[in-house]
Amino acid sequence: MSALDGNNAEHPPNVFVPLPGDRNRWASLTAEISEIEKQLAARENAARPDFDAWLVNAAIAPDRSSDSTLAVHLPLAANEGPIRGFVDGQPREWPAELARIDGPFGKASVISDTPVDLGEIAGFSRGDRVTYGGFILIEGTPTGSIIARMDPAQSLRGWDLYLEKGRPGCHVIDSWDKAANKVIAPKPLKPGKWHHVMVTFDGT
1440 MSALDGNNAE HPPNVFVPLP GDRNRWASLT AEISEIEKQL AARENAARPD
1490 FDAWLVNAAI APDRSSDSTL AVHLPLAANE GPIRGFVDGQ PREWPAELAR
1540 IDGPFGKASV ISDTPVDLGE IAGFSRGDRV TYGGFILIEG TPTGSIIARM
1590 DPAQSLRGWD LYLEKGRPGC HVIDSWDKAA NKVIAPKPLK PGKWHHVMVT
1640 FDGT
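Now the structure itself:
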């Protein structure tokens, strides 16, 4: 068993053994599952043309409300002015002169030109469960941070969402590189298209 496997109960090598009460049905269940999987695949293929036709004209309906349960909410959809958002349900502003482009919910901010310091917000520990991310549009195959909170004086403790040659990735770090998680997507995002990229960390 490798180290730092998160106490995976199904870490290979392993052997699955049905309970005695399940063994009579196990062979037939295997066949039934296989048949249902074939039916699902057939349904997916049959529905694909209708889904593709719907997707051509599908639109994201903008939600103007703010979810007070979010630790940080940055709509980044204002036509001009500072960055406006919410921290723990309370309105906040950050001075910034950012270019804008057309986005899913209005005029989206271009964050690749000038970094914006959001201050001491959105901190969490390795035992917390969190989700963060947003809508991203790229040109080419860029490398760099999208949003991050890291402390170089504390062995880079913190978290981020970044791009590596167009591939989205993330770090959740307690102490680099002794206690840290790093994940990166196998494929790059498609340039010129909006992508909803989210990171979920479950505390393991």
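Numbering (our numbering), first residue to last: 1440 to 1643. All C-beta atoms, glycine included, are put in the ideal place defined by N, C-alpha and C.
Please return the same chain residues whose Cβ sits closer than 6 Å to the Cβ of Leu-1576, not counting the five positions on each side in sequence.
Residue numbering aside, residue 1576 sits at position 137 when the sequence shown is read from its first letter. Hits under 6 Å: Trp-1633.
Taking the straight line between their C-alpha atoms, what separation do you get for Ile-1560 and Ala-1481?
Within the sequence shown, residue 1560 is the residue found at index 121, counting from 1. Within the sequence shown, residue 1481 is the residue found at index 42, counting from 1. Each residue's Cα considered, the two are about 47 Å apart.
What's the C-alpha gap between Asp-1527 and Leu-1509?
For this step, residue 1527 is matched to residue 88 along the sequence shown. For this step, residue 1509 is matched to residue 70 along the sequence shown. Looking at the two C-alpha atoms, the distance is approximately 6 Å.
Could you tell me whether the segment 1531–1538 touches the segment 1562–1578, where touching means 3 or more Cβ pairs closer than 8 Å?
no
Throw me the rounded Cβ distance for the Leu-1600 and Gly-1572 pair, which I believe falls under 8 Å.
For the purposes of this step, residue 1600 is taken as the residue at position 161 of the sequence shown. For the purposes of this step, residue 1572 is taken as the residue at position 133 of the sequence shown. Going by Cβ atoms, the distance from Leu-1600 to Gly-1572 rounds to 6 Å, so yes, they are a contact pair.
Decide if the segment 1484–1499 is in contact with the segment 1511–1525; the criterion is three or more beta carbon pairs, one per stretch, under 8 Å apart.
no
Please list the segments of the alpha helix (DSSP H) lying wholly inside the segment 1532–1597, counting only runs of 4 or more residues, in order along the chain.
none
Thr-1553 versus Gly-1605, Val-1636, Ser-1507 and Ile-1522, residue with shortest Cα-Cα distance:
Within the sequence shown, numbered from 1, the residue matching residue 1553 stands at position 114. The candidate whose alpha carbon is nearest that of Thr-1553 is Ile-1522.
Give the range of the beta strand (DSSP E) segment to which Asn-1463 is assigned.
Indexing the sequence shown from 1 puts residue 1463 at position 24. First-last for Asn-1463: 1462–1495, but that is the alpha helix (DSSP H), not the beta strand (DSSP E).
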